[in-house]
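If you count the sequence shown from 1, position 56 lands on 100 in the working numbering, and the numbers rise without skipping.
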Amino acid sequence: MEFEAPLTEIIQQTHDVKSFRLERPEGFDYKAGQYFFVSIPVNGEVQRKPFTISSSPTEKGFLEFTKKLTGHEFSNELDAMNVGDIVAINGPYGRFTFEGEFEKIALISGGIGITPMISICRYCSDTRSGTDIIILSSNKTAEDIAFRDELEDMDNKNTNLKVVHTLTRAGDDWPGCKGRICDTIIMDHIPDFMERIIYLCGPPAMMKATEELLLQMGVPKEQIKKEALVGF
45 MEFEAPLTEI
55 IQQTHDVKSF
65 RLERPEGFDY
75 KAGQYFFVSI
85 PVNGEVQRKP
95 FTISSSPTEK
105 GFLEFTKKLT
115 GHEFSNELDA
125 MNVGDIVAIN
135 GPYGRFTFEG
145 EFEKIALISG
155 GIGITPMISI
165 CRYCSDTRSG
175 TDIIILSSNK
185 TAEDIAFRDE
195 LEDMDNKNTN
205 LKVVHTLTRA
215 GDDWPGCKGR
225 ICDTIIMDHI
235 PDFMERIIYL
245 CGPPAMMKAT
255 EELLLQMGVP
265 KEQIKKEALV
275 GF
């Protein structure tokens, strides 16, 4: 489906991450974890980039996509947009989806790779799917954690959802998990990882290292679902 719509809300998630919301048109159906293309004018030419839909299919009033502000020309133009500015949408696409078909899942993300995971968590929370979910999210610092308050709120309200953050540049005051995702962190926080379908999304190097780690730990390749991030 292709359409144009004005931005209705812009949310500052962290110092360099923003969420952009627009009205969801009638008939735009999608699955948690899918993406669409966003087109905006950049230096006099229309550019199109893919974005994970960070909203949930249960949220009928709006669509949301989330961007790490990188300094790239597309990123800068998006950062400069205001409520009321028009974006063009084409989608949805993608097979990195969840519709309640698995009883137990683990969502492992690095940085802005949290975007499909927040869509899946919102969907499961809203539908009360009963799916057992563990989120393992890696960031550099506490200030880099997008959707932190919302994730903690869902953790508190849903007994079947557990959120674990690990920081690679943690300060001395960080009480949680520290370091890159490794076998010890996985075994400590996802002890039944062999029983779960594992969703993996993050920067290419992080994804490659984590997939290799999971395979070394005995996770069958068919139990790992991956979504690559495109940097811009």
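Virtual Cβ for every residue (Gly too), placed ideally from N, Cα, C.
The model shown is predicted, which means the values in this text are computed figures rather than measured ones.
Checklist entry - Which first and last residues belong to the alpha helix (DSSP H) in which H209 is found? => result Taking the sequence shown and counting its residues from 1, the one referred to as residue 209 is at position 165. Looking at the DSSP string, H209 is not in any alpha helix (DSSP H); the run it does join, the beta strand (DSSP E), is 205-211.
Checklist entry - Since E53 sits in a beta bridge, which residues does DSSP pair it with? => result The count along the sequence shown starts at 1 and reaches residue 53 at position 9. Bridge partners of E53: R65.
Checklist entry - Using the C-alpha atoms, what's the distance from Y137 back to E53? => result The residue labelled residue 53 in the question sits at position 9 within the sequence shown. The residue labelled residue 137 in the question sits at position 93 within the sequence shown. About 23 angstroms.
Checklist entry - Does DSSP put Y74 in a helix, in a strand, or in coil? => result Walking along the sequence shown from the start, residue 74 turns up at place 30. Taken through DSSP and simplified to helix, strand or coil, Y74 comes out as coil.
Checklist entry - Buried or exposed: where does A124 fall if 16 or more other Cβ atoms within 10 Å of its Cβ makes it buried? => result The sequence position of residue 124 within the sequence shown is 80, counting from 1. A124 counts as exposed, since fewer than 16 other C-beta atoms from the protein chains shown sit within 10 angstroms of its C-beta.
Checklist entry - Over what stretch of residues does the alpha helix (DSSP H) that includes D176 continue unbroken? => result The count along the sequence shown starts at 1 and reaches residue 176 at position 132. Here D176 belongs to no alpha helix (DSSP H); instead the beta strand (DSSP E) covers 176-183.
Item to check | Cβ-Cβ separation, K206 to D197 (assumed contact under 8 angstroms), whole Å | outcome: Walking along the sequence shown from the start, residue 197 turns up at place 153. Walking along the sequence shown from the start, residue 206 turns up at place 162. Between K206 and D197 the Cβ distance is about 13 angstroms, and since that is not below 8 angstroms, they are no contact.
Next on the checklist: Looking at the ligand GDP, does it come within less than 7 angstroms of P160, judged from the CB to the closest heavy atom?
Outcome noted: By its list of ligands, the structure shown contains no ligand whatsoever, and the ligand GDP lies outside what it can speak to.
Next on the checklist: Just to confirm the assignment: which complete beta strand (DSSP E) runs, minimum length 3, are found wholly within the stretch 210-264?
Outcome noted: As far as the stretch 210-264 is concerned, its whole beta strand (DSSP E) runs of at least 3 residues are 241-246.
Checklist entry - To which residues of the same chain is V131 closer than 6 angstroms at the C-beta, ignoring the five residues directly before and after it? => result Residue numbering aside, residue 131 sits at position 87 when the sequence shown is read from its first letter. Counting only Cβ-Cβ distances below 6 angstroms, and skipping sequence neighbours, we find V82, I84.
Checklist entry - With C-beta atoms as the reference, is K270 less than 8 angstroms away from L244? => result What you label residue 270 is simply residue 226 of the sequence shown in a count that begins at 1. What you label residue 244 is simply residue 200 of the sequence shown in a count that begins at 1. Yes, these two residues count as a Cβ contact at 8 angstroms.
Checklist entry - Hey, R65 and F118 are a contact pair by Cβ (cut 8 angstroms); roughly how many whole angstroms apart? => result For the purposes of this step, residue 65 is taken as residue 21 along the sequence shown, with counting starting at 1. For the purposes of this step, residue 118 is taken as residue 74 along the sequence shown, with counting starting at 1. The beta-carbon distance between R65 and F118, rounded to whole angstroms, is 19 angstroms. This is too long to meet the 8 angstroms contact definition.
Next on the checklist: For K62, tell me which candidate among D232, K222, E121, G144 has the shortest Cα-Cα distance.
Outcome noted: Your numbering for residue 62 matches position 18 in the sequence shown. Comparing alpha-carbon positions, the option among D232, K222, E121, G144 lying closest to K62 turns out to be E121.
Item to check | Coarse secondary structure for A190, derived from DSSP in three states | outcome: Reading the sequence shown from its first residue, position 146 is the one you call residue 190. Residue state, collapsed to three classes: coil.
Checklist entry - Just reading off the alpha helix (DSSP H) that E171 is part of, what are its end residues? => result As a first step, residue 171 must be located in the sequence shown, where it is residue number 127. Rather than Glu, the amino acid found at residue 171 in this sequence is Thr. Taken as a continuous stretch (DSSP letters only), the alpha helix (DSSP H) holding T171 covers 158-171.
Checklist entry - Would you say the stretch 243-259 touches the stretch 184-194, given that touching needs at least three Cβ pairs under 8 angstroms? => result Remark: fewer than three beta-carbon pairs, one from each stretch, lie closer than 8 angstroms, so the stretch 243-259 and the stretch 184-194 are not flagged as touching.
Next on the checklist: In whole angstroms, give me the CA-to-CA distance for I59 and L51.
Outcome noted: As a first step, residue 59 is located in the sequence shown; it is residue number 15 there, counting from the start. As a first step, residue 51 is located in the sequence shown; it is residue number 7 there, counting from the start. Correcting the residue identity first, residue 59 is His in this sequence and not Ile. Rounded to the nearest angstrom, the two C-alpha atoms are 20 angstroms apart.
Checklist entry - Can you name the start and end residues of the alpha helix (DSSP H) that E121 belongs to? => result The count along the sequence shown starts at 1 and reaches residue 121 at position 77. For E121, the enclosing alpha helix (DSSP H) has its first and last residue at 117-123.
Checklist entry - Using CA coordinates, which residue listed in M231, T110, T96, V86 is at the minimum distance from A76? => result Mapped onto the sequence shown, residue 76 falls at position 32. A76 has its Cα closest to that of T96, out of M231, T110, T96, V86.
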